[in-house]
Amino acid sequence: MKILYIKSELKEGSKPSVIAEYFLEKVAQKNKNIEIITLDLSVQKIGSIALNSNNFSSFWTEVEADKWINLLKTVDKVVISTPIINWHYSAEIKNFFDAICLADKTFSYKYSKKGGSIGLLTNIKNVQIITTYHAPEAQRPLINAENAIAGTFEFIGAQKINDPIILFQGYLLDKNEDVIEKLSSKIEAAVETF
1 MKILYIKSEL KEGSKPSVIA EYFLEKVAQK NKNIEIITLD LSVQKIGSIA
51 LNSNNFSSFW TEVEADKWIN LLKTVDKVVI STPIINWHYS AEIKNFFDAI
101 CLADKTFSYK YSKKGGSIGL LTNIKNVQII TTYHAPEAQR PLINAENAIA
151 GTFEFIGAQK INDPIILFQG YLLDKNEDVI EKLSSKIEAA VETF
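For the sequence shown, the UniProt record's numbering begins at 1 and goes up steadily by one.
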């Protein structure tokens, strides 16, 4: 089994990364025959170059979109982690989605019935979304970042989206051990269905 871990963090060792790395450690303990590939968006052009009117003709070449699309075509599962910033996922994740959501490469209108689209990355059997908020759960918008991430992966063909692992008010927890302890039951449940 081949897993792609898409990592977005504003600083080294951020809470979304701590949670994702613990989740992957548990997955690896359960499944000995796995390969985990980490795509750290903070160190790749695909995470730092935004699509705009000045680079529209060169964007996909600049960010090496084909390289990342080809990688996505080889994986069985995806783990994606991001902090929630101003009620949405990071700009790095947005840049990544802009780069890989390409007609006739990751989705198509050609083969769809009833005028919709179909995802071409049906090799992706499962996606695990991991996010962290400063806000309490009661303030989480109904239309939220987790739904947007899930919708994007469904659009490109992912077969299943696990329930997201979400840490609310993460700033209240100083130690990584406390973060893991708070989410341990959610993480264990997610490992079982991943």
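Glycine included, C-beta positions come from ideal geometry on N, C-alpha and C.
Query raised in the report: Should residue 38 and residue 15 be called a contact, given that it needs their Cβ atoms to be closer than 8 Å?
Result: It is not a contact, given that the beta carbons lie outside the stated cut-off.
Query - Classification of residue 115 by the beta-carbon crowding that lies within 10 angstroms, buried from 16 upward - result: Residue 115 is exposed by the Cβ-count criterion.
**Report entry** C-alpha gap between residue 107 and residue 32, whole angstroms
**Finding:** Cα-Cα distance, rounded: 32 Å.
Query - Whole-angstrom distance between residue 135 and residue 118, CA atom to CA atom - result: Distance from the CA of residue 118 to the CA of residue 135, rounded to the nearest whole angstrom, comes to 35 Å.
Query raised in the report: Comparing the C-beta of residue 39 with each C-beta of chain C, is any distance below 8 Å?
Result: Note that chain C does not occur in the displayed structure, where there is just one protein chain.
Query raised in the report: Comparing alpha-carbon positions, which option in 174, 4 and 84 lies nearest residue 140?
Result: In terms of Cα proximity to residue 140, the closest of 174, 4 and 84 is 84.
Report task. Could you spell out where the beta strand (DSSP E) holding residue 164 opens and where it closes? Result -> Segment: none, residue 164 is in no beta strand (DSSP E) and carries neither H nor E.
**Report entry** Assigned exposure category for residue 193 - 16 Cβ within 10 Å defines buried
**Finding:** It counts as exposed.
Query raised in the report: residue 40 bridges to which residues according to DSSP?
Result: Paired residues: 7.
Query raised in the report: Is the segment 118-133 in contact with the segment 146-162, if contact means three or more CB pairs nearer than 8 Å?
Result: Yes: the two stretches touch, three or more of their Cβ pairs being nearer than 8 Å.
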